[in-house]
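**Student:** One structure coming up, written as structure tokens, with questions to follow.
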């Protein structure tokens, strides 16, 4: 039965009663978290933009630095190739010059061989013929004709032609080698200037370019590298031309480039060119005899020795005889007779001399010492010497000594059997032509004067009688020399008919490239160093940082930071470095003397390398490249230190 008090459905008695308002719909609250999300997103966007720009800035900075390194290294590689190419060319020049000396030596040897017949006939006329009442003359004529004269003429024809054409070929080749390295030396700077744009563009970021500081250093480097001859100032390397003049004194002191080149060529000669020959002695020679007697006693008085008393004497004798063949080739500077004036590299010429002579030495002397009771009373002695074309008597009487005549006198100690001479050089004026006829100076060398040292030409100058010819002033002996046979007479009237040299195919030393010996120019800012500055403008950086500039942060979020001088900058320093391999795996390249080799253009060991920039380099880069105001910085630092001083002034007692 239904309950009237509850006409409809309702909560049961077992259900709890609802709270007040529980039957109303819930309120919809929105937007409180959005504010925090927006703030977080703004910070996130700014942070992301900062991180992106910082990363992009770091990336571009690294690319700018890489571009500077690549440009500096590439420039040094070009110049290292330049000097190594010059080294290869110079080595070829040295080898060809030595070959010219060999060819001239062969021609001299041919004249020397033919001269044996002339000397033997001279001895037959003077000595052998009269001694044999003329019986030996036809025999000597046949012997000399078939053994020396006819073969000698054939040798001269072949070897003189070989010397002439060979010298012409080698000399012209050296000219081409010289001009090739000189042209490459000049164009290397153009290559250095041209390589910057491509290397920086390929290795750097968008808009990277050479800075004004880098351009300044490039100009300094080009001026100091030495490829452009018209620029003044210090030079690291230079192209030398044979037409440049220098005083004779500078050549004699060895300070000119061509004097150094000639010295290197001279030291590079082979044994045949430097000193050829042989020496024959009869069995038992040299003869040396020394007799020494001690005629002293040491008596006793009352059982005590009173001292040495008596005399000691000695007699010496020396005699030597030998058949010597000496010869060699020399690269010499043709100096005018007055020894003054300016000379060039074209004044060098090759000449060769050969001589064969019977040499003898004779000397003898004695010494006598007197003693009384252990004390030496006196010493007398004398010695007579005839050797090395000198006659001299030396004596000693007590404290006095001397020689007769003073310094000795010329006395020939050689009897020639053959002599030959040949040279390569340009015929010019009579003064130059006289100076070119160097064989006449050989006698002066034997006499102890003139520009030729006795050891030159493989000591052939010591054979004095071989170089005597008509017209040589001051010669106290008859003309037994090579005047009528192998060499042109020294009489000027015969010089026009000179058939034996010099010939016109040799014009001296060629042009070449060398280093000046200066380790660094302009206190390290010039060659062999090169400082490269590369920059990227801020506008180019911004273009590369965002492909859509309209999306860059704007308004309150605009990034107001600016780059120094509105650009990213970097510097790099390259060095042109010479180093001969010294490691254990490169023994083939070691020097025989073990010395450290300095930079030169005769060995191809030039390398490129990057080196650390100095503080001065970086300060100048900040000042010139990035326009840093060091004066304002100094003022700020001064104010800072003044503030610190005022803060701590109260603590000073």
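Residue numbers (this note's numbering): 8 to 660. We put the beta carbon where it would ideally sit given N, CA and C, even for glycine. Because the structure is a prediction, the values reported are computed rather than measured.
Any idea if residue 305 is buried or exposed, counting beta-carbon neighbours within 10 angstroms, 16 or more meaning buried?
**Tutor:** It is exposed - the Cβ of residue 305 has fewer than 16 other Cβ atoms within 10 Å.
**Student:** Whole-angstrom Cβ separation of residue 392 and residue 370, contact assumed at under 8 Å?
**Tutor:** That belief holds up - the Cβ atoms of residue 392 and residue 370 are roughly 4 Å apart, short of 8 Å.
**Student:** Give me the DSSP bridge partner(s) of residue 705.
**Tutor:** The question about residue 705 has no answer, for the chain in this structure spans 8 to 660.
**Student:** To which residues does DSSP link residue 254 through a beta bridge?
**Tutor:** Bridge partners of residue 254: 349.
**Student:** Considering residue 3, what are the terminal residues of the alpha helix (DSSP H) in which it resides?
**Tutor:** Within the shown structure, residues of the chain are numbered from 8 to 660, placing residue 3 beyond reach of any answer.
**Student:** Return the first residue and the last residue of the alpha helix (DSSP H) that residue 281 is part of.
**Tutor:** 278 to 281 is the extent of the alpha helix (DSSP H) around residue 281.
**Student:** Against chain C, does residue 373 count as a neighbour if the rule is that its beta carbon must be under 8 Å from one of theirs?
**Tutor:** The structure shown has no chain C; it contains just one protein chain.
**Student:** Any idea what DSSP makes of residue 411, helix, strand or coil?
**Tutor:** Strand.
**Student:** Measuring alpha carbon to alpha carbon, tell me which residue in 542, 514, 598 is nearest residue 210.
**Tutor:** Of the listed residues, the one whose Cα sits closest to residue 210 is 542.
**Student:** State the Cα-Cα distance for the pair residue 131 and residue 596, rounded to the nearest angstrom.
**Tutor:** If you take the alpha carbons of residue 131 and residue 596, they lie about 57 Å apart.
**Student:** Can you tell me the Cα-Cα spacing of residue 411 and residue 402, whole angstroms?
**Tutor:** Near 8 Å, if we compare the C-alpha coordinates of residue 402 and residue 411.
**Student:** Decide if the region 350 to 359 is in contact with the region 109 to 121; the criterion is three or more beta carbon pairs, one per stretch, under 8 Å apart.
**Tutor:** Result yes; three or more Cβ-Cβ pairs closer than 8 Å.
**Student:** Take residue 315 and list the residues in its own chain whose beta-carbon comes closer than 7 Å to its own, dropping the five residues that flank it on each side.
**Tutor:** Hits under 7 Å: 303, 305, 378, 381.
**Student:** Using CA atoms only, rank isn't needed, just tell me which of 140, 159, 101 is closest to residue 125.
**Tutor:** The candidate whose alpha carbon is nearest that of residue 125 is 159.
**Student:** Cα separation between residue 394 and residue 421?
**Tutor:** Computed Cα separation, rounded: 9 Å.
**Student:** Could you compute how far the alpha carbon of residue 390 sits from the alpha carbon of residue 374?
**Tutor:** Their backbone Cα atoms lie some 9 Å apart in a straight line.
**Student:** For residue 232, report the span of its beta strand (DSSP E) as first-last.
**Tutor:** First-last for residue 232: 219 to 232, but that is the alpha helix (DSSP H), not the beta strand (DSSP E).
**Student:** Given this structure, state the Cα-to-Cα distance separating residue 585 from residue 612, to the nearest angstrom.
**Tutor:** Taking the straight line from one Cα to the other gives about 6 Å.
**Student:** Is the region 94 to 107 in contact with the region 201 to 208, if contact means three or more CB pairs nearer than 8 Å?
**Tutor:** Verdict: no, contact absent.
**Student:** Measure the CB-CB distance between residue 217 and residue 169 and report whether it falls below 8 Å.
**Tutor:** Cβ distance not < 8 Å, so residue 217 and residue 169 don't count as in contact.
**Student:** Kindly give me the distance between the Cβ atoms of residue 335 and residue 426, rounded to whole angstroms, as I take these residues to be in contact under 8 Å.
**Tutor:** In fact, because the Cβ distance is near 13 Å, the residues do not count as touching under 8 Å.
**Student:** Between residue 350 and residue 252, how many whole angstroms is the CB-CB distance? I'm expecting something under 8 Å.
**Tutor:** 7 Å between Cβ atoms; contact.
**Student:** For residue 249, tell me which candidate among 185, 256, 292 has the shortest Cα-Cα distance.
**Tutor:** Residue 249 has its Cα closest to that of 185, out of 185, 256, 292.
**Student:** Excluding sequence positions up to five away, which residues of its chain have a Cβ less than 6 Å from the Cβ of residue 220?
**Tutor:** 540, 628, 631, 632.
**Student:** In whole angstroms, what separates the C-alpha of residue 188 from that of residue 91?
**Tutor:** Cα-Cα distance, rounded: 10 Å.
**Student:** Less than 8 Å between the C-beta atoms of residue 268 and residue 519, yes or no?
**Tutor:** Yes, the Cβ-Cβ distance between residue 268 and residue 519 is below 8 Å.
**Student:** Name the residue from 81, 470, 320, 245 whose alpha carbon lies nearest to the alpha carbon of residue 525.
**Tutor:** Among 81, 470, 320, 245, the Cα nearest to that of residue 525 is on 245.
**Student:** Buried or exposed for residue 121, going by 16 or more other Cβ atoms inside 10 Å?
**Tutor:** The residue in question, residue 121, is buried, as its Cβ has 16 or more Cβ neighbours within 10 Å.
**Student:** The beta strand (DSSP E) that contains residue 543, what's its start and end?
**Tutor:** Start and end: 536 to 544.
**Student:** Can you name the start and end residues of the beta strand (DSSP E) that residue 247 belongs to?
**Tutor:** From DSSP, the beta strand (DSSP E) with residue 247 extends over 244 to 247.
**Student:** Can you tell me the Cβ-Cβ gap for residue 533 and residue 228, rounded? I've got them flagged as a contact below 8 Å.
**Tutor:** With a Cβ gap of about 6 Å, residue 533 and residue 228 count as contacting.
**Student:** In whole angstroms, give me the CA-to-CA distance for residue 522 and residue 195.
**Tutor:** Those two C-alpha atoms are separated by around 15 Å.
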